[in-house]
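Undergrad: Next up is a structure, given as structure tokens.
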Amino acid sequence: MYAEPGIIRKIIEGTGDTWAVVGLSSNERRPAHGVAEVLQRYGKRVVPVHPKAETVHGERGYASLAEIPFPVDVVDVFVRSELAGAVADEAAGIGAKAVWFQLGVIDEDAYARTRDAGLLMVMDRCPAIEIPRLR
24 MYAEPGIIRK
34 IIEGTGDTWA
44 VVGLSSNERR
54 PAHGVAEVLQ
64 RYGKRVVPVH
74 PKAETVHGER
84 GYASLAEIPF
94 PVDVVDVFVR
104 SELAGAVADE
114 AAGIGAKAVW
124 FQLGVIDEDA
134 YARTRDAGLL
144 MVMDRCPAIE
154 IPRLR
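Residue numbers (the working numbering): 24 to 158.
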């Protein structure tokens, strides 16, 4: 519903392998932690973005997208829906190619804004579920 046909495959296989995961911390009980592991297993570089800027899965963390000193291909968003739109706007501002709102993260205005800005966008889906489906 919140992804045009082929967009999921295009993001996973064609946008690049550097994924900033917003909301990723060292808390192993949080869904972002497990999803980041799956992304790494499938060859993605996972960059943690969290106010604590912790190192997670061997990757240095940053407090915001703007602090990441290298290009980011996909921004994977694990924050509450009411905060997600600002993250999508920041993703567009740093030149990301795609934004991915995780399961339960829904902001239809942000979805439209992000697509209007020329970024690929998926909402209310999980790459840890979608990647194995593509294989």
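Ideal Cβ positions, reconstructed from N, Cα and C, are used throughout, including at glycine.
Tell me the residue span of the beta strand (DSSP E) that contains residue 145.
TA: First-last of the beta strand (DSSP E) with residue 145: 143–145.
Undergrad: Taking 8 Å as the threshold, find out whether the stretch 35–47 comes into contact with the stretch 82–101 through three or more Cβ pairs.
TA: In short, these stretches touch, since the Cβ pair count reaches three.
Undergrad: Determine the direct distance from the alpha carbon of residue 142 to that of residue 153, and round the result to whole angstroms.
TA: 19 Å
Undergrad: Determine the contact status of residue 25 and residue 145, defining contact as a CB-CB distance below 8 Å.
TA: yes
Undergrad: Please give the ranges of any alpha helix (DSSP H) in the stretch 86–157, keeping only runs that are unbroken, at least 4 residues long and fully inside the region.
TA: 104–116, 131–139 and 150–157
Undergrad: By Cβ distance below 6 Å, which residues in the same chain neighbour residue 113 in space, the five residues on each side in sequence not counted?
TA: 88
Undergrad: Have a look at residue 74 and residue 155 and give me their C-alpha separation to the nearest angstrom.
TA: 30 Å
Undergrad: Pick out whichever of 70, 140, 59 and 106 has its Cα sitting closest to the Cα of residue 115.
TA: 140
Undergrad: Could you confirm whether any beta carbon from chain B is found closer than 8 Å to the beta carbon of residue 61?
TA: Of the protein chains in this structure there is only one, and it is not chain B.
Undergrad: Cβ of residue 49 within 8 Å of Cβ of residue 79?
TA: yes
Undergrad: Let me know if residue 132 comes out buried or exposed under the rule of 16 or more other beta-carbons within 10 Å of its beta-carbon.
TA: exposed
Undergrad: Three-state secondary structure (DSSP) at residue 53?
TA: coil
Undergrad: In this structure, does DSSP put residue 83 in helix, strand or coil?
TA: coil
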